[in-house]
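For the sequence shown, the numbering used here assigns the number 148 to the initial residue and increments by one for each residue that follows.
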Amino acid sequence: MEGRILVIEGLDGSGKETQSNILVERLKSEGIDAMKLSFPRYDEASSLFVKMYLNGEFGSSSEDINAYTASLFFALDRYVSFKKWWGEEYSKGRLIICDRYTTSNAVYQMSKLCKGDWKDFFEWLSDFEYSKLGIPKPYGVIYLDVPPEVGASLMSDRYNGDNSQKDIHEKDMDYQKKSREAALYCAETQDWEIVNCCSETGMASIDEIAKSVYERVIPMLL
148 MEGRILVIEG LDGSGKETQS NILVERLKSE GIDAMKLSFP RYDEASSLFV
198 KMYLNGEFGS SSEDINAYTA SLFFALDRYV SFKKWWGEEY SKGRLIICDR
248 YTTSNAVYQM SKLCKGDWKD FFEWLSDFEY SKLGIPKPYG VIYLDVPPEV
298 GASLMSDRYN GDNSQKDIHE KDMDYQKKSR EAALYCAETQ DWEIVNCCSE
348 TGMASIDEIA KSVYERVIPM LL
């Protein structure tokens with residue numbers, strides 16, 4: 148019996164890690180055998196090229212590496228982790244909550260391309276990751292929608308105002324805006340669930356967002 152993968156996706160600073168942690172703990176408290184994964188796996192050797200890319204070793208701008216090459220870096224990190232660690236748990240039928248997954252390639256790499264090429268890129272990416280590499284396809288995706296300006300402010304708080312700690316994705320506001328457009332395109336065309344994390348009065352509370360996430364996840368599990 149295969150497991151199920153639910154993804155918490157969003158731009159940098161959207162609260163993916165926090166919300167995926169809250170969701171896993173709540174599901175466990177209700178007797179659901181859930182586990183959490185986070186990508187990229189920065190502590191593993193499989194993320195070497197991901198770290199080199201994000202640290203600017205292949206170019207100071209995300210645009211210096213084309214969408215297909217960069218996608219390969221992240222996909223191979225997932226492939227190695229699937230083969231070495233969580234593939235067995237998945238094959239046992241376990242529910243896996245992912246803080247980022249294959250969906251991040253769609254958001255962050257598709258945004259480098261002209262919109263007219265998005266459909267073809269998504270099809271290529273799906274074939275490469277799910278068919279060629281054999282990585283499991285997600286059962287559902289929750290997208291935490293946060294305006295890039297808000298996310299950037301939250302990231303600055305995380306780094307105590309030291310923006311030099313940001314990677315090449317996090318530093319580039321125009322790139323974040325394009326990535327949000329790509330994410331909303333994916334949400335519309337791939338039936339991702341959207342959680343609006345901000346209103347005119349500001350960012351919703353962590354508990355409010357967690358409630359919205361949970362309300363969207365439960366129907367997926369029925």
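Note that CB positions come from ideal geometry on N, CA and C, so glycine has one too.
Since this is a predicted model, take the numbers as computed values, not measurements.
Inter-residue spacing [alpha-carbon to alpha-carbon] between residue i and residue j
{"i": "Ala-329", "j": "Trp-339", "result": "12 Å"}
{"i": "Ser-278", "j": "Lys-284", "result": "9 Å"}
{"i": "Glu-296", "j": "Glu-210", "result": "20 Å"}
{"i": "Lys-230", "j": "Tyr-215", "result": "22 Å"}
{"i": "Leu-201", "j": "Asp-314", "result": "5 Å"}
{"i": "Ser-228", "j": "Asp-321", "result": "31 Å"}
{"i": "Gln-323", "j": "His-316", "result": "7 Å"}
{"i": "Gln-337", "j": "Tyr-286", "result": "11 Å"}
{"i": "Gly-281", "j": "Val-364", "result": "25 Å"}
CB of residue i within 8 Å of CB of residue j, strictly
{"i": "Gly-157", "j": "Ile-356", "result": "no"}
{"i": "Asp-319", "j": "Ser-208", "result": "yes"}
{"i": "Arg-247", "j": "Asp-180", "result": "no"}
Simplified DSSP state of residue i, which is helix, strand or coil
{"i": "Gly-349", "result": "strand"}
{"i": "Gly-298", "result": "helix"}
{"i": "Leu-174", "result": "helix"}
{"i": "Ile-179", "result": "coil"}
{"i": "Ile-169", "result": "helix"}
{"i": "Glu-191", "result": "coil"}
{"i": "Val-197", "result": "helix"}
Residues near residue i by beta carbon distance below 7 Å, same chain, minus five either side
{"i": "Tyr-237", "result": "Glu-149, Gly-150, Ile-243, Pro-283"}
Status (buried if at least 16 other CB within 10 Å, exposed otherwise) for residue i
{"i": "Lys-239", "result": "exposed"}
{"i": "Met-199", "result": "exposed"}
{"i": "Ala-192", "result": "exposed"}
{"i": "Lys-266", "result": "exposed"}
C-beta neighbour in chain C for residue i, strict 8 Å
{"i": "Glu-191", "result": "The chain labelled as chain C is not found in the depicted structure, where only one protein chain is given."}
Close-in-space but distant-in-sequence residues of the same chain around residue i (CB under 6 Å, 5 per side omitted)
{"i": "Gln-256", "result": "Ala-214, Ala-217, Ser-218"}
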